[in-house]
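Let me begin by presenting the structure, written as structure tokens, before commenting on it.
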Amino acid sequence: MAEKLPSEFDVVILGTGLPEAIIAAACSRIGQRVLHIDVKNYYGGNWASFTFSGLLSWLEEYKQQPNLPEESTAWKDLLDKSEECLLLNRKDKTIQNIEVFCYVSQDSENNIEEVGALRKNPAFVTYGDSTDAQDSAEEPPCQEIHSLDTSGSEISSHPNNNTDPDTTVETGVPDVKLEMQTQSDVTSSSTPPLDTSEGDNVKLSTEETLAQKSAKRKITYSSIVKEGRKFNIDLVSKFLYSRGSLIDLLIKSNVSRYAEFKNVTRILTFQNGKVEQVPCSRADVFASKQLTMVEKRMLMKFLTFCLDYEQKAEEYQDYKDCAFSEYLKTKKLTPSLQHFILHAIAMVSETASTIDGLRATQHFLQSLGRYGNTPFLFPLYGLGEIPQCFCRMCAVFGGIYCLRHSVQCLVVDKESSRCKAVIDSLGQRITCSYFIVEDSYLSEETCNNVCYRQISRAVLITDRSVLKSDSDQQVSILTVPPMELGEPTVSVIELCSSTMTCKRDTYLVHLTCVSARTAKEDLEPVVQKLFMPYAETEIESEQENELEKPQIFWALYFNMRDSTGIDRSSYEGLPSNVYVCSGPDPHLGNEHAVKQVSRVHFNQLFPKEEFCPPAPNPEDIVYDVDDTQLQDAGFTSSSEIKAEAAAAEQSVGKALMAETLQPKLGKVKMARPVLGKVKMARPMLGKVESKSKDQICTLLST
Amino acid sequence: MQHGRIKVKTTEEQQEAKRKEREKKLQLYTATTTAIFQKRQSQELDQEVLELTNQILGANPDFATLWNFRREIFLHSEKEKSEDEMQKLYTRELSHLESCLRVNPKSYGSWHHRCWVLDRMPEPDWSRELELCNRFLELDERNFHCWDYRRFVVLRSEVSAEEELAFTHGLIAKNFSNYSSWHYRSKLLPQIHPDPQRQGRVTEEVLLKELELAQNAFFTDPSDQSAWLYHRWLLGRVDREVSIICIFVSRDGEWLSVGFSHPVSVHPGSDDLLLFLDGAPLMVSWRSAERRNSSSFLWLCDLPTGSLGDLCPQHTFRVLWKEGAAKKECVLYRGHQESWNRDSATEEQIFRCELSVEKSTVLQHELESCKELQELEPENKWCLLTIILLMRALDPLGYEKETLGYFQTLKAVDPMRSAYFNDLRSKFLMENCILKMEYAESRVIVLSCKGLTTLYHEEQLLLVTHMNLSTNQLRALPRALAMLRCLEVLEADDNIIESLEGLSHLPKLEEVSLRNNCIRGISDLQPLASCPRLSVLHLQGNPLCDSPNVQSELALLLPHVPDIIT
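Taken in sequence, the protein lines are chains A and B. Heads up: the first sequence begins at 1 in full-length UniProt numbering, then just goes up one per residue. Heads up: the second sequence begins at 1 in full-length UniProt numbering, then just goes up one per residue.
Next comes the structure, spelled out in structure tokens:
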């Protein structure tokens with residue numbers, strides 16, 4: 001049996017999704033003793049990202065819900081007479097209607113194994129790296145740590161993450177790094193050649209693509225499985241608004257140093273049966289060939305108005321109560337512009353109110369130009385990285401982590417109706433002042449009156465982008481408005497291989513909508529419109545040009561429970577010091593999760609404490625040598641912090657040592673949009689101000 | 001005690017540590033600087049000095065003296081070292097310069113030194129330099145130091161203008177608020193697509209494409225002026241060469257004047273401007289109409305006494321500017337008091353863009369799209385101004401009324417610049433009046449009640465005898481008015497004139513009316529003393545009339561003027 005966990009904590013958190021991870025980091029940061037556990041053997045719950053084989057085993061798990069072993073009721077002895085117990089759920093019911101389709105040949109696929117696949121041995125994982133594992137090996141906090149294969153940390157750390165000195169930059173403050181070469185390449189290369197040899201150029205480029213096509217390896221199921229580790233498939237598909245609350249939180253808390261991002265490169269829309277790029281920044285509008293001069297002006301004028309619409313109440317107050325789509329009709333915008341604004345920029349439904357539409361447009365525009373030509377960022381290696389980053393921050397400040405560990409029940413004091421302790425899956429009683437739990441862990445009794453909504457999801461692996469362009473490395477978002485009234489609006493996110501979420505020559509496509517029926521019923525019409533199943537027969541190259549639709553190699557549909565927007569009072573018999581975090585919502589941004597924990601939970605828990613203050617820089621950390629307790633803390637040994645500080649310094653040193661110009665300037669280019677370093681005051685609509693001297697100096701002298 | 005709690009240094013501690021660090025740095029800096037200057041004094045041009053200057057310049061790249069010193073060292077080394085060694089030395093210098101430019105990408109000294117090094121280097125790597133420019137401009141597309149350096153690199157390495165044009169296109173596509181890129185286009189396009197007829201301009205086909213590009217920009221963001229200014233360049237006229245537009249000779253005054261299309265300078269003693277009388281050179285001394293030692297439209301000379309004999313049936317005067325770059329002749333017949341030869345403003349269309357018939361359709365098209373934009377953006381001043389300019393280029397008289405309406409709107413939307421718009425409006429109105437006068441073949445110009453705030457184009461009024469400036473907002477009769485050597489009667493009532501500088505040495509001026517102006521002191525009338533024929537002067541309603549001894553003082557100042565009405 002495992003060595004026991006400490007028996008006393010300030011906060012016990014069950015579930016490692018984004019809201020739970022944020023609150024764990026926030027509590028740990030202000031010195032609370034945090035125990036953070038998850039019944040799964042991976043981080044993130046429904047916010048997780050999986051390699052291809054990881055996803056297959058996740059599917060397997062849901063298909064055959066394992067018969068859970070009878071748990072001993074020995075814990076009953078741990079309760080005294082003044083206490084009663086509140087049982088938790090033992091079975092995850094958040095995922096339904098799973099359907100998998102494979103369009104590539106699966107012959108002789110039985111023994112294919114992912115290269116370097118994880119041993120899927122579920123283990124208790126203390127968060128951290130091998131140093132941590134070694135340290136704890138001497139004085140293990142719980143015995144299971146021994147079963148932790150070194151590859152067990154694969155979920156959270158990517159070995160090839162940070163090693164290439166040419167493409168990544170460490171700055172004085174290690175921050176989130178961002179690659180943004182793609183967009184600039186696109187803009188410069190998409191401009192038509194001005195000389196008269198235009199014809200030659202065209203010919204050349206087609207020859208080139210043909211050559212590339214033939215060089216492209218044929219995709220089979222076995223190649224997908226073999227290179228399964230190149231995939232990082234998100235269960236929930238989201239982007240980060242560049243000026244959204246999650247980015248602000250990442251920067252403010254310094255958690256950003258654990259993640260890297262890529263700029264979303266295109267905003268697309270589906271209109272008249274065609275996929276089109278939406279011009280949304282000033283540069284896009286200027287360069288757009290699809291808009292007339294007057295349309296350019298009308299679009300820019302409307303967008304400029306939306307930026308500070310609150311100040312111009314006279315422009316919209318007569319339409320406050322009508323739909324945004326109706327309001328747009330009054331603004332002298334052509335139907336095509338109305339479509340762009342409603343579906344691709346505001347991304348609201350036909351029935352959304354004018355105020356909601358204006359607010360959404362404003363949010364979009366404010367995020368524009370902070371890090372690139374679109375308002376969105378996507379974390380490299382998938383959205384599942386983000387909860388893990390917060391967990392890491394929590395661990396750095398002393399939080400204790402246990403995966404595949406759960407809580408059987410809460411111990412509630414009859415008199416005060418407060419949760420005094422929890423009894424974990426090993427029957428240990430752990431005292432705590434607060435208990436934070438993700439909705440899916442609550443028992444059916446507790447959730448009797450709760451009415452859940454559903455999210456419909458589809459994941460596709462395809463062979464090409466929905467909209468061809470000069471670069472094959474595009475990260476796009478496409479909003480498909482409902483074809484018939486009452487149907488859901490479908491958000492399509494297409495990721496390329498440089499986001500580190502899919503293998504070369506494939507695209508990973510996520511479809512999301514609010515469920516009306518099952519995921520397949522909701523999403524298949526859109527899938528059919530945009531894609532076609534992979535055809536085994538080779539297509540003649542002449543036909544290839546006409547063949548515009550991407551082909552699907554593999555597809556997955558499922559429904560996920562949407563537990564957002566539930567009033568606390570809907571839960572029955574919840575002790576007052578128990579807080580519920582909801583699972584993912586169907587919207588594009590992460591505003592709900594951040595708001596829930598920062599404005600609601602944290603405020604109630606610790607009204608006088610700052611929420612996620614910036615973590616100090618390694619060089620500012622002073623170790624209190626007299627503090628012998630530090631040694632006993634075990635999990636957050638000072639050696640770990642030192643190792644981190646050293647790692648940060650090392651990378652700074654590396655950057656400083658670079659002597660020749662080329663690589664260094666290469667770095668500078670990447671370093672520009674370092675989160676938290678770039679000044680916030682970028683002007684409206686992507687208009688780029690000339691950078692101040694200081695700023696450039698900072699950038700140049702990393 | 002919370003376990004794992006991290007202590008952070010207090011800010012006071014940090015401040016103290018920073019202060020100490022700064023002090024240490026300062027000491028080091030001054031010590032090194034002193035050492036360098038000592039070495040310079042003793043002419044120790046060795047490796048160590050290079051190292052020391054390196055350190056200082058790394059911290060402060062704007063220390064020009066040290067860059068000079070480094071150049072001295074390099075020149076000295078060139079005498080002793082082989083080409084290979086120098087190449088290595090200079091390569092190191094370039095990488096040092098890069099670090100300096102990172103400290104301050106706008107350091108004059110660093111960029112200048114880089115040019116110098118590359119010119120001295122045995123084998124400069126220009127493509128690398130171009131790449132450096134690309135990187136720096138990516139970080140700050142408006143760094144004009146880097147733009148200058150880029151042009152230097154392009155010139156030395158013979159990068160084609162086409163490539164450079166494509167580069168500007170890329171930058172403009174990213175962000176069109178980029179004067180440097182637009183400006184560079186205006187320099188490159190005439191090289192790539194020169195108009196055979198018009199020097200410094202581009203062919204019409206290219207012009208149309210560029211107009212569309214500029215239009216795309218100002219329809220996207222009409223308040224961004226960079227594209228508007230480029231648009232203005234596109235519509236601009238050819239720079240005309242200097243020509244002589246008028247030659248005038250007066251028999252009884254024994255003087256001759258030469259009017260130029262541009263202000264020019266005639267230096268005393270030079271033979272820039274030569275006068276021939278009946279084929280023989282005449283030694284004269286030239287002075288400007290304003291009697292100033294600067295450039296002027298009009299140059300005068302006194303003819304030698306007796307050079308105009310009454311016996312000859314005619315005299316031919318010929319002037320030659322800069323060895324024939326411009327010339328003009330006029331003939332004075334017997335019995336005539338004066339004679340002139342003059343280009344007409346209407347024939348030359350000097351107030352309009354020089355455009356062919358096809359180009360006028362281009363202008364018409366531009367006017368239509370600007371009007372379309374103006375409907376969407378009624379308060380955009382750049383659009384309004386461009387409409388006015390286009391209308392002037394197309395038909396100044398036909399659009400006069402509309403133009404004045406647009407000026408009214410312009411002043412309302414941009415009151416900060418209303419004075420500028422008033423002046424511009426005055427200019428256009430004067431141009432129109434001059435045109436009307438020319439069409440009427442008259443020597444009388446009526447400019448009353450036009451709301452003029454200032455006077456323009458005096459060089460076009462050389463022959464005017466009567467001028468009416470009454471009821472305007474003129475503050476002064478400027479020096480340039482002294483060009484109107486034929487002026488006999490000037491009416492300038494009901495203005496706010498304070499100064500009369502321009503009414504000097506006007507040989508024919510007889511009557512001046514300055515009722516209801518703001519002339520304060522007797523001394524302000526001083527210039528009139530130099531007008532020999534002045535006989536009537538109206539001064540009613542000026543502050544100076546309130547002074548008790550006004551009549552006697554005036555008699556003292558202007559004894560030759562019989563009628564001074566106060």
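C-beta: ideal position from N, C-alpha, C; glycine also. In this text the structure is predicted, and so the values were computed from the model without any measurement.
Discussion item. What are the residues in the stretch 158-178 of chain B lying within 7 Å of chain A by C-beta distance?
Written reply: The residues in question are E162, L165, A166, H169, G170, A173, K174, N175, F176 and S177.
Fill in: C-alpha gap between B:P559 and B:R201, whole angstroms
Going from the Cα of B:P559 to the Cα of B:R201 covers about 57 Å.
Fill in: Contacts that A:R282 makes with chain B (C-beta to C-beta distance below 7 Å)
What A:R282 touches in chain B: T220 and D221.
Discussion item. At a CB distance below 8 Å, what residues from the stretch 288-299 of chain A approach chain B? Give them in sequence order.
Written reply: Going along the stretch 288-299 of chain A in chain order, one finds M293, V294, K296, R297 and M298 with a Cβ nearer than 8 Å to chain B.
Worksheet entry | DSSP state of B:L469 mapped onto helix, strand, coil | Correct three-state label for B:L469: coil.
Worksheet item: Looking only at C-alpha atoms, which of B:L474, B:L52 and B:K25 sits nearest to B:F37?
Response: Among B:L474, B:L52 and B:K25, the Cα nearest to that of B:F37 is on B:L52.
Practice prompt. Keeping to the same chain, check which residues put their C-beta closer than 6 Å to that of A:A26; ignore five residues upstream and five downstream.
Written response: Cβ neighbours of A:A26 within its own chain (closer than 6 Å, five residues either side excluded): F602, F611 and C612.
Worksheet item: DSSP beta-bridge partners for A:K413?
Response: According to the sequence displayed, residue 413 of chain A carries Asp and not Lys. By DSSP's assignment, A:D413 forms a beta bridge with A:E83.
Practice prompt. Answer with yes or no whether the minimum CB distance from B:Q15 to chain A is below 7 Å.
Written response: By this cut-off, B:Q15 is not an interface position.
Discussion item. Strictly under 7 Å for the Cβ-Cβ distance: is A:F9 near chain B by that measure?
Written reply: No, because no Cβ of chain B sits closer than 7 Å to the Cβ of A:F9.
Worksheet item: If you follow the alpha helix (DSSP H) that B:I388 is part of, which residue opens it and which one closes it?
Response: From DSSP, the alpha helix (DSSP H) with B:I388 extends over K381 to L394.
Item to complete: Spell out a yes or no on whether the stretch 134-147 of chain B and the stretch 100-108 of chain B are touching, meaning 3 or more CB-CB pairs, one atom from each, closer than 8 Å.
Response: Yes, the stretch 134-147 of chain B touches the stretch 100-108 of chain B.
Discussion item. I want to see whether chain B comes within less than 7 Å of A:F606, judged by CB atoms only; does it?
Written reply: Closer than 7 Å to the CB of A:F606 there is not a single CB belonging to chain B.
Discussion item. Tell me the rounded alpha-carbon separation between A:C581 and A:V597.
Written reply: C-alpha of A:C581 to C-alpha of A:V597: approximately 8 Å in a straight line.
Practice prompt. Find the nearest neighbour of B:L539 within the set B:E498, B:S530, B:H505 and B:R533, judged by alpha-carbon distance.
Written response: Considering only alpha carbons, the answer is B:E498.
Item to complete: Pick helix, strand or coil for B:N432, following the three-state DSSP scheme.
Response: Reduced to three states, the DSSP call for B:N432 is helix.
Worksheet item: In or out: B:L75 buried (at least 16 other Cβ within 10 Å) or exposed?
Response: Answer is exposed; the Cβ neighbour count stays below 16.
Discussion item. With three or more beta-carbon pairs closer than 8 Å as the criterion, would you say the stretch 271-281 of chain B touches the stretch 451-471 of chain B?
Written reply: No contact exists between the stretch 271-281 of chain B and the stretch 451-471 of chain B.
Fill in: Neighbour-count burial assignment, A:C142, 16 or more Cβ in a 10 Å radius
For A:C142, the predicted structure reports a pLDDT of 35, less than 50, and the residue's modelled location is therefore unreliable. The matter cannot be settled from this model.
Worksheet item: What separation, rounded to the nearest whole angstrom, lies between the Cα atoms of A:Q290 and B:L367?
Response: The straight-line gap from Cα to Cα measures roughly 23 Å.
Discussion item. Between B:L376 and chain A, is any beta-carbon pair separated by less than 7 Å?
Written reply: At least one CB atom of chain A sits nearer than 7 Å to the CB of B:L376.
Worksheet item: Taking only beta-carbon atoms, is A:A648 less than 7 Å away from chain B?
Response: Note that A:A648 scores a pLDDT of 39, beneath 50, so its modelled location is shaky and nothing firm can be said.
Worksheet item: Quick one: is A:F286 near chain B, going by C-beta distance under 7 Å?
Response: Taking Cβ atoms only, chain B reaches closer than 7 Å to A:F286, which makes this a yes.
Worksheet item: Do you know offhand how far A:V34's Cα is from A:P387's?
Response: The C-alpha of A:P387 is placed about 16 Å away from the C-alpha of A:V34.
Worksheet item: In terms of residues, what are the limits of the beta strand (DSSP E) holding A:I98?
Response: Residues I95 to C102.
Practice prompt. Give every residue of the same chain whose Cβ lies closer than 6 Å to the Cβ of B:A64, excluding the five residues on either side of it in the sequence, and list them in chain order.
Written response: Answer for B:A64: G109, listed in chain order.
Discussion item. At the 7 Å Cβ level, is B:A59 part of the contact set with chain A, yes or no?
Written reply: The C-beta of B:A59 comes no closer than 7 Å to any C-beta of chain A.
Item to complete: Taking only beta-carbon positions, decide if B:N54 is within less than 7 Å of chain A.
Response: Interface residue (Cβ-Cβ distance to chain A less than 7 Å): B:N54 is not classified as such.
Worksheet item: If we cut at 7 Å on Cβ distances, does B:N380 have a partner in chain A?
Response: Closer than 7 Å: no.
Item to complete: Just the chain A side, please: which residues come within less than 8 Å of B:S257 by C-beta, in chain order?
Response: Result: empty, since nearest Cβ-Cβ is about 50 Å, beyond 8 Å.
Practice prompt. Assuming B:I522 and B:L544 form a contact by the criterion Cβ under 8 Å, report the distance between their Cβ atoms to the nearest whole angstrom.
Written response: Separation of the CB atoms of B:I522 and B:L544 is rounded to 6 Å, and the pair is thereby assigned contact status at 8 Å.
Worksheet item: Across which residues does DSSP place A:D424 in a beta bridge pair?
Response: DSSP output for A:D424 lists A:V407 as bridge partner(s).
Discussion item. Tell me the residue span of the beta strand (DSSP E) that contains A:D562.
Written reply: Start and end: Q551 to D562.
Item to complete: Pair every Cβ in the stretch 52-62 of chain B with every Cβ in the stretch 84-91 of chain B, then say whether three or more of these pairs are closer than 8 Å.
Response: The way I'd put it, the stretch 52-62 of chain B doesn't touch the stretch 84-91 of chain B; fewer than three beta-carbon pairs between them come closer than 8 Å.
Discussion item. Here's a check: name, in chain order, each residue in its chain whose Cβ is nearer than 6 Å to the Cβ of A:C419, leaving out the five neighbours to either side.
Written reply: Cβ within range, chain order: L410, V412, F435, P575, N577 and V578.
Item to complete: Give the secondary structure of A:T167 by DSSP, where H, G and I count as helix, E and B as strand, and everything else as coil.
Response: Note that A:T167 scores 36 on pLDDT, short of 50, meaning its location in the model is unreliable and no value can be drawn from it.
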